[in-house]
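Number 58 in my numbering belongs to position 53 of the sequence shown; there are no gaps in the numbering. The C-beta atom is built at its ideal place from N, Cα and C for all residues, glycine as well.
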Amino acid sequence: MHPDCPELERFVRGEIEPGAFAHREHVRMAFEMLRRHDFAETAWLYSRALRAMTAKAGKPQAFHQTTTIAFLSLIAERMERGGAPDFAAFVRAHPEMLDKTALSRWYRPDQLATELARRIFVLPEPAP
């Protein structure tokens, strides 16, 4: 499926150990997947792989749909606007993607902390 990126293949098959999957790896797998698939397919494949990973770790409740889709959206948008040829160039052009709190520009912490935001994708609430 992804012979040029064995880590992506392992991610999709659920073979990556959850403890070795830091935020940078989340971003890298999203970048690699978005290079190969359109956004809708990536959202499905990526979410499925993360759910398998959290289940394997015995923490299925750790999967967060809003965070997943929102980060995928940010990564996809920056990829479209920046045209980085590889992940290293992407990170140099968009270092904010490696900040786990990057979504705080759009989401309040209490909104992301809801069970609803964990289960389904929710849009950011408008500023007052």
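- The alpha carbon of LEU50 has as its nearest neighbour, out of LEU13, ILE125 and ALA94, the alpha carbon of LEU13.
- When DSSP assignments are scanned along the stretch 64-129, the uninterrupted stretches of alpha helix (DSSP H) that are 4 or more residues long and fall wholly within it turn out to be 70-87, 92-98, 114-117 and 120-124.
- Shown here, PHE36 sits in a helix according to DSSP, grouped into three states.
- The Cβ atoms of ALA54 and PHE16 sit closer than 8 angstroms to each other.
- Counted as a single uninterrupted DSSP element, the stretch harbouring GLU20 is not any alpha helix (DSSP H), since DSSP gives it neither H nor E.
- Classified as buried, ILE80 has 16 or more neighbouring CB atoms from the shown chains inside 10 Å of its CB.
- For PHE44, the enclosing alpha helix (DSSP H) starts and ends at 44-61.
- For VAL127, same chain residues with a beta-carbon under 8 angstroms away, outside a window of 5 residues either side, are THR71, GLN116, THR119 and LEU121 in chain order.
- Ranked by Cα distance from ILE74, the options ALA45, HIS28, PRO100 and ASP9 are led by ALA45.
- Comparing alpha carbon positions, the residue from SER52, GLY63 and HIS28 closest to ILE125 is SER52.
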